[in-house]
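Start counting the sequence shown at 62; every next residue gets the next number (the numbering used here). Cβ atoms here follow ideal geometry from the backbone N, Cα and C, with glycine treated the same way. Keep in mind that this is a model prediction, so the values were computed, not measured.
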Amino acid sequence: MAISEGQIIKGVGGLYTVELTNGEIIRCKARGKLRVNGGDLFIGDYVEANYNDKKEGVIEKVKPRTSQLIRPYVSNIDGIIIVVSPIPEPNFLLIDKLIIGAVAQGIKAIICVNKPDLDGFTKLVERVKTDYSTLATVLEIDALKGKGSDELKALVKGKFYALAGQSAVGKSTFINTMIGQEVMETGEISSHSERGKNTTRHVEIIKLEDGTKIADTCGFDKLMMPVADPAELASYFVDFDEFVPNCKFKGSCRHVDEDVCGVKDAVNKGLLSKDRYDRYLQLYKESIQRWNKRYD
Ligand SMILES: Nc1nc2c(ncn2[C@@H]2O[C@H](COP(=O)(O)OP(=O)(O)OP(=O)(O)O)[C@@H](O)[C@H]2O)c(=O)[nH]1
Ligand SMILES: [Mg+2]
Ligand SMILES: [Zn+2]
Numbered sequence: 062m063a064i065s066e067g068q069i070i071k072g073v074g075g076l077y078t079v080e081l082t083n084g085e086i087i088r089c090k091a092r093g094k095l096r097v098n099g100g101d102l103f104i105g106d107y108v109e110a111n112y113n114d115k116k117e118g119v120i121e122k123v124k125p126r127t128s129q130l131i132r133p134y135v136s137n138i139d140g141i142i143i144v145v146s147p148i149p150e151p152n153f154l155l156i157d158k159l160i161i162g163a164v165a166q167g168i169k170a171i172i173c174v175n176k177p178d179l180d181g182f183t184k185l186v187e188r189v190k191t192d193y194s195t196l197a198t199v200l201e202i203d204a205l206k207g208k209g210s211d212e213l214k215a216l217v218k219g220k221f222y223a224l225a226g227q228s229a230v231g232k233s234t235f236i237n238t239m240i241g242q243e244v245m246e247t248g249e250i251s252s253h254s255e256r257g258k259n260t261t262r263h264v265e266i267i268k269l270e271d272g273t274k275i276a277d278t279c280g281f282d283k284l285m286m287p288v289a290d291p292a293e294l295a296s297y298f299v300d301f302d303e304f305v306p307n308c309k310f311k312g313s314c315r316h317v318d319e320d321v322c323g324v325k326d327a328v329n330k331g332l333l334s335k336d337r338y339d340r341y342l343q344l345y346k347e348s349i350q351r352w353n354k355r356y357d
């Protein structure tokens, strides 16, 4: 038996694939009582494993995480790459929540707009740029043909990023194009509902030739609010920050029904996207409802 350190790069049904620091790949189960922060192991976790010469082992310890997300289920990432496309119909509330999560975890966000061959692409790029340019780098990509792949590789070079987004936006397609191999299975859109079929069902870290790591992940439409306290929500809307000094109550303004509010002013003057602000109100309501039920 030998003990080595490595990173969990995949996990299916309680069996984890660990890449050791020397590059070797081993298959592990977790030590029975191993519970990290009261929960399970994450893909991306740095671990200590005890393994035999058949490359089968047991994960004994987990290192503290620098970041962790429940959706996508991944830890120790430097940022997320949110993929959107004209079909399936983009869910802007989902993008807002993913970005709130990124701000809360202190990690970066990149938004890739995919499927340039479809109607509505140009309009979608405009909307995404209007709403998120101050929060994320926005890239136009073509996951099938590889457009945007070099720009993305340059942005994430040497780091570890996780793809995120709805099913069938093209996350796995883009991974395959970026590494020039069909490493991940890709799926179709249901022509009936114009929704994805959840083709990718596990998280897997793929290494590019320069050592950059990208996790392919499972698509989803729903995400819990990453911030529990409604009073804190506005502080995660960092695009509001520059207007907060004009609020009468400054940092404690919730930008909802206060009289003198720099954020509402900015929306009225066209300096802040009204769509984005309206979604803030919606998320604020949602967080109040959850907050009021927190002891139920
Ligand atoms: N028209 C068009 N279709 C694309 C493009 N990129 C990907 N697709 C198609 O979109 C469908 C879904 O692609 P996937 O890569 O499986 O999507 P995914 O985001 O990984 O989906 P999940 O694994 O279910 O989360 C496939 O049929 C792809 O061929 C594109 O640029 N244009
Ligand atoms: Mg996929
Ligand atoms: Zn305000």
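| Check | Outcome |
| --- | --- |
| Run of the beta strand (DSSP E) containing R88, from where it starts to where it stops | I86 to A91 |
| Contact test: E319 Cβ vs ligand 3 heavy atom, cutoff 8 Å | yes |
| Collapsed DSSP secondary structure at F221 in the structure displayed | strand |
| Euclidean distance between Cα positions of T273 and Y107 | 16 Å |
| Residue(s) in a DSSP beta bridge with S65 | A110 |
| Sequence-distant residues of the same chain with beta carbon closer than 7 Å to W352, five excluded per side | A289, D290 and P291 |
| Alpha-carbon spacing of K232 relative to Y193, whole angstroms | 20 Å |
| Separation of D336 from D318, as counted between CA atoms | 17 Å |
| The stretch 161-169 touching the stretch 122-131, judged by at least three CB pairs closer than 8 Å | yes |
| Cut-off 7 Å between Cβ atoms - residues of its own chain near G241, not counting five sequence neighbours on either side | none |
| Per-residue burial, H253 [other beta carbons within 10 Å of its own, 16 or more giving buried] | exposed |
| Extent of the continuous alpha helix (DSSP H) run through Y193 | F182 to Y193 |
| Option nearest G84 by Cα separation, candidates G74, L76 and E66 | E66 |
| Own chain, CB closer than 6 Å to L333, minus 5 neighbours either side, in chain order | A327 |
| Environment of Y356 [buried if 16+ CB atoms lie within 10 Å] | exposed |
| Closest by C-alpha distance to V299, when choosing among E270, M239, K158 and G93 | K158 |
| L205 Cβ short of 8 Å to ligand 1 heavy atom set | yes |
| Sequence-distant residues of its chain with Cβ nearer than 7 Å to L216 (five each side left out) | I171 and T198 |
| Nearest-angstrom Cβ-Cβ length linking V119 and K90, presumed shorter than 8 Å | 6 Å |
| Proximity to A225 [Cα-Cα], best of I86, Y345, R262 and D178 | R262 |
| Cβ-heavy atom distance, T191 to ligand 2, below 8 Å | no |
| Reference A63; option with closest CA among I143, D101 and E117 | E117 |
| Assigned exposure category for E243 - 16 Cβ within 10 Å defines buried | exposed |
| Distance CB(T78)-CB(R88) smaller than 9 Å | yes |
| Pairwise C-alpha distance: I275 and N113 | 28 Å |
| Coarse secondary structure for I275, derived from DSSP in three states | strand |
| In DSSP terms, what V79 is bridged to | I69 and I87 |
| Inter-residue spacing [alpha-carbon to alpha-carbon] between E150 and G331 | 26 Å |
| C-beta contact flag for L154 and Q343 at 9 Å | yes |
| Complete alpha helix (DSSP H) runs within the stretch 246-296 (minimum length 4 residues, chain order) | 291-294 |
| Sequence-distant residues of its chain with Cβ nearer than 7 Å to V189 (five each side left out) | V145, I172, V174 and V199 |
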